[in-house]
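In this note's numbering, the protein residues as written are 916 to 1463.
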C-alpha cells in the first residue's frame, strides 16, 4: 500500500475516533480536569500545553484516554477505500448485504404476524397500577408466571442456518460441474478464511510451550509454580489500568478472582459513551456525583422506560429465559437478573450505534395510524435487536462475575456490540457466523475427512450439530468455568474464530464414537453433553498436535 494511502486511512481513523470521543463521558471529565489544572500554581501560561499534558499523565487521565482510543480501535472496522460508498463499511459484498436485508424482512414479518394473530400492539403505555406492580416485583420477576403459551420465538438458530445454507454468490463459478466438491459441506460460498497454520499463528499463545490457565493450574504441581505468580502479574496489570496489557494477559486465561475486573478493563467499561442529554440538569451543574454515578443513573433511566412501557418484545424475552436459562442447572438462579438486563437492553438506544459497523440494520415499524408514512417510522424495538431463541444465554454466564445490575448490564452491552451481534448477522467478517461455519467445515473436512464423509453419508452433516454451539458462543453447553476460560480467549484475541476451532476440536475428541453413529439422532446423542469437556486441552491438542 502506498504511503499516501496509508496516511489518508490513518487520518480518517483518527478523525473518527476524535468524533466518537467527543460524545463520551471521558471527554467531559477531561475538560473539567483541564480547567482544574489551570488554577494550579505550577502551570505557566508560556508552557501551558506541555504542563497540561504532564498533569494529565501524572493524574492518570492519559491512561484513561489511551484505553478509550484502544477500545475504539478494537471496535472500528478496517478503513476501506476512500471512494467506497458508506454501505461498504457495513458489508463489502453486495449479495451478502441483500441476503441480510431479506433475512431482516423475514424476521420482522414473523414478529408482525405474531402481533396480528394475538391482537397485541407492539408497544403500549402501562397503566399506573401496572407500573406500580412491576416496580414492586422488579427483583422477583422470576416468581411471576405469565401465560406465554401463545408466544413463540421469532426464530431459532436452525432457521438461521437454513438461510446460510442457501447463500450463493451469483458471480462465482466453482469450476466443479459434478458438484461433488461443493456437496461435502453445507456452506457453499467462497470467503477467505484462515487455515490451520494461520490459526496457529493467530492463537500463538495457546501453543504447547506456553503455560495456560485451565491446564497448568489443574495439574498435579504446586500451585505457586504457576497460578500464584500469574495472579501477581494480573494484579499488576490491573493496577496499571492498561486495556492493551490486560488483553494480552488474558490470552493465557484469567484467574477467577481477577476476571470481573480484567474483563471490565479490557472492555473499557468505565469510559463508555453515555447519552448525557438524558439527565441534562446534572450535566449543566457539573455535580461531582455525576461522573461517579452516571452509569447507574443511565441504567435506572432504562429501568424507568421498562416500567412505563410494555413491549411485545418483553414477552419474547420472558419466553426465552423460561425456555433456556430457567431450565439450566448453572443459570436458573439468575432468572431475575436476566429479566432485568434483557428488558433494559431492549430499550437502550445506545446499542443502535453498532449498526454503523454491522451488516444488519435496525428494524422499523410505524406509529399507529400512520402506516406507510416514512416520516412516522420508528426503530422497534428501541435497541434495534429482535431476540431469538437462546439470546438470554449471552447474558447468563456474566451473572457469575457481576452481581451489581448496572455493572452486569454494561459488560453485557459491550460484549454484545463487540462480539455477539456477529453471531446472528450475515456478513463476510472473519468473526461473523458465516466465516465461522466455513472455518469449522474446512477444518473437519481437511483433518477428519473420514469422519466428515461418514456423517454426511448418514445425514448428520457436522454443521447441523455444531451450529447451535457457535451461535450461542457455547453458552449453555460447556460447564461455566470452562465457558469463562473460552470467553477469556475471545476477549484476549478480540476474535470469535476460536469458537469454530473448539467446535472442530470437539468432533475430533469424539470421533471414535461418532464413527459408530448411524443417524443424525445418534450423532447428536454422542455430542449431547459437553459439560465434562476441558476446553483448553482440546484447543491446544487440535491446534498444535494435529498433523498439517
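Beta carbons: idealized from backbone N, C-alpha and C, even for Gly.
Here the structure is a predicted model, which means the values were calculated and not measured.
Check                                                                                                                                                                                      : Outcome
Bridge partners for residue 1279 per DSSP, in chain order?                                                                                                                                 : 1294
Assuming contact is defined by CB atoms lying nearer than 8 Å, are residue 1356 and residue 1109 in contact in what I supplied?                                                            : no
Can the beta-carbon of residue 1172 be found less than 8 Å from the beta-carbon of residue 1451?                                                                                           : no
Kindly confirm or deny that the segment 1219-1228 and the segment 1038-1046 touch, where touching means at least three C-beta pairs closer than 8 Å.                                       : yes
Which partner residues of residue 1226 appear in the DSSP bridge assignment?                                                                                                               : 1038
According to DSSP, is residue 1376 helix, strand or coil?                                                                                                                                  : coil
With the cut-off set at 8 Å, would you say residue 1297 and residue 1264 are in Cβ contact?                                                                                                : yes
Report the residue from 1143, 1148, 1012, 1116 whose alpha carbon sits nearest the alpha carbon of residue 1083.                                                                           : 1012
With burial defined as no fewer than 16 other Cβ atoms inside 10 Å of the residue's Cβ, what is the status of residue 1350: buried or exposed?                                             : buried
I need the boundaries of the alpha helix (DSSP H) containing residue 1260, first residue and last residue.                                                                                 : 1250-1262
Relative to the C-alpha of residue 1146, which residue among 1448, 1177, 1334 is closest?                                                                                                  : 1177
In the structure shown, what three-state DSSP assignment does residue 1313 receive?                                                                                                        : helix
What's the C-alpha gap between residue 1456 and residue 1384?                                                                                                                              : 20 Å
Along the chain, where does the alpha helix (DSSP H) that runs through residue 955 open and close?                                                                                         : No alpha helix (DSSP H) holds residue 955; DSSP gives it neither H nor E.
Taking the alpha carbon of residue 1056 as the point to measure from, which residue in 1272, 1376, 964, 1255 has its own alpha carbon closest?                                             : 1255
Might you give, ordered along the chain, the residues of its own chain that have their beta carbon closer than 6 Å to the beta carbon of residue 1065, omitting 5 neighbours on each side? : 1033
Can you find the residues in the same chain that come closer than 7 Å, C-beta to C-beta, to residue 1063, ignoring five residues on each side of it along the sequence?                    : 1230, 1233, 1234, 1237
Which one of 1300, 1453, 1243 has the shortest CA to CA distance from residue 1258?                                                                                                        : 1300
Assign residue 1100 to buried or exposed, taking buried as 16 or more other Cβ atoms, counted over all protein chains shown, within 10 Å of its Cβ.                                        : buried
Compute the beta-carbon to beta-carbon distance between residue 1382 and residue 1311, rounded to the nearest angstrom, for a pair I have assumed lies under 8 Å.                          : Going by Cβ atoms, the distance from residue 1382 to residue 1311 rounds to 19 Å, so no, they are not a contact pair.
Cα separation between residue 1051 and residue 1127?                                                                                                                                       : 46 Å
For residue 1425, which three-state DSSP category applies?                                                                                                                                 : coil
Hey, could you find the ends of the alpha helix (DSSP H) residue 1003 is sitting in?                                                                                                       : 1002-1005
Can you tell me which of the three DSSP states residue 1331 falls into?                                                                                                                    : helix
Indicate the three-state DSSP secondary structure (helix, strand or coil) for residue 1341 in the structure shown.                                                                         : coil
For residue 1386, I'd like the list of residues in its chain whose CB is within less than 6 Å of its CB, leaving aside the five on either flank, ordered along the chain.                  : 1072, 1338
Out of 1004, 1448, 1434, 970, point me to the one whose CA is closest to residue 1375's CA.                                                                                                : 1434
Check residue 926 in the structure and name its three-state DSSP category.                                                                                                                 : helix
Less than 8 Å between the beta carbons of residue 1378 and residue 1423, yes or no?                                                                                                        : no
Taking 8 Å as the CB-CB limit, is residue 1044 close to chain B?                                                                                                                           : Here chain B cannot be found, since the structure has a single protein chain.
Are residue 1184 and residue 1406 closer than 8 Å when you measure CB to CB?                                                                                                               : no
What is the DSSP secondary structure of residue 1301, counted as helix, strand or coil?                                                                                                    : coil
Exposed or buried, residue 1087, counting other C-beta atoms within 10 Å across all chains shown (16 or more means buried)?                                                                : exposed
Could you give the distance in angstroms between the alpha-carbon of residue 1400 and the alpha-carbon of residue 1388?                                                                    : 12 Å
So, is residue 1097 buried or exposed, given that buried needs 16 or more other C-beta atoms within 10 angstroms?                                                                          : Confidence in residue 1097 is poor, its pLDDT being 49 and thus under 50, which makes the residue's placement unreliable; the coordinate value appears in the next sentence. Result: exposed.
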